[in-house]
Amino acid sequence: MKNKNPEIEGLVIVIRGNFNPIIFSPVWFASEKLIRKEEAEKAETQIVHPDVVSFNLDWLRLQVTRDMFLAETTKEPYEEVLRDLVLGTFKLLRHTPLKLMGINRAMHFRIDSMEKWHEIGHILAPKNIWNEILDKPGLKSLSIQESERRDGLKGFIRVQVEPSSRVHPGIFISINDHYETKDAEKTPGADEIINIIENNWEKSSKRSREITKKLLEKLNDSITAKQL
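Counting with my numbering, you get residues 10 to 237 for the letters of the sequence shown.
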């Protein structure tokens, strides 16, 4: 793993709450100056329906259902633009009850060889237990959760590692930085989630990259030690 930069990377903001999907059209975002008029005109709209809205821009994938708002970019220069879009949306719609949020980073890393790719699986999920239970056991997905956040906020941080479906040989690492309002059942509007985004955006980005960097370093050190 000489190159520790992801070959493919994406950032997703997922918010759970109560939404009216039909208003979240490209035309609405443009009318509120959250995206440019030209972007709205070129938007690839999958569906606009009372129960679900889904459309893509050059830098954005957006989907809204009755209980979920999802905004994603796979272009790093637009990550701050994504944040501003979400903040701008719910500052306009402050009375929308927002309960839970994930700031989730997904990364695909290319591995130097199949040998090292298999070795990573052995390190993360040792096969000595499984070899006597299954034939040719292999790691498909590993999920590790820090259940008590260090920042005192309600929620958790979950790290998931699995074989990459996009890069071969490669591994997929996702960091789910999950936040909850203090009382999800009685959340009156969007202010609490807005404050979490404003106060934790940079910290979340830095933390997800540090977690990934440390994990890759540990894996690389373990592989190197086995080769000595």
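Where is the CB? At the ideal position from N, CA and C, for every residue including glycine. Given the structure is predicted, the values throughout are model-derived calculations rather than measurements.
From S40 to I232, what does the alpha carbon distance come to, in whole angstroms? 54 Å
Residue ranges of each beta strand (DSSP E) run of no fewer than 3 residues wholly in the segment 52-121, ordered along the chain? 53-57, 61-65, 70-74, 77-82, 107-119
Locate the alpha helix (DSSP H) running through H177, then write down its first and last residues. Careful: H177 lies outside any alpha helix (DSSP H) and carries neither H nor E.
Heavy atom of the ligand MG within 6 Å of V73 beta-carbon: In terms of ligand content, the structure shown is empty, and the ligand MG therefore cannot be addressed.
If you check the beta carbons only, do A80 and V95 fall under 7 Å apart? yes
Rounded to the nearest angstrom, what separates N204 and G198 at their Cα positions? 12 Å
Could you please give the first and the last residue of the uninterrupted alpha helix (DSSP H) stretch that includes I203? 200-236
Thinking C-alpha only, which one of M77, L69, E53, R218 is nearest N185? R218
Is it buried or exposed, E189, if we count other Cβ atoms within 10 angstroms and call 16 or more buried? buried
DSSP beta-bridge partners for L20? T82, R114
Terminal residues of the continuous beta strand (DSSP E) containing E155? 151-155
The alpha helix (DSSP H) with L133 in it runs from where to where? 123-133
How many angstroms separate the CA atom of I153 from the CA atom of A134? 12 Å
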